[in-house]
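Inspection log for the structure reproduced underneath, given as structure tokens.
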Amino acid sequence: MNIFETAKATISVRQAAEYYGLKLSRDQMVSFPFHDDRTPSMKLNEDYFYCFGCGTKGDVIDFVAKAHRSVEV
């Protein structure tokens, strides 16, 4: 098992989102942090995320990669 498979097996998308400060609603929706979002449009579950606003989807690795690209250094 490589490092990415280990991370995906150990950390859920929800855990990663909460680590980055996102607060999920009761129905597991949150405002998409990578574009302006007036209402929650991103659905999170254990294995993947999906933004109904822009169509972006992915797993925990994709989420963390997007989070690090959006941070200015």
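For the sequence shown, the working numbering begins at 88 and goes up steadily by one. Where is the CB? At the ideal position from N, CA and C, for every residue including glycine. Bear in mind that the values here come from a model prediction, so they are computed numbers and not experimental data.
Secondary structure at residue 106: helix, using DSSP grouped into helix, strand and coil. In the three-state DSSP reduction, residue 119 falls in the coil class, being neither helix nor strand. Secondary-structure assignment with DSSP links residue 138 through a beta bridge to 129. For residue 146, there is no enclosing alpha helix (DSSP H), as DSSP marks it with neither H nor E. Judged by DSSP in its simplified three-state form, residue 101 adopts helix.
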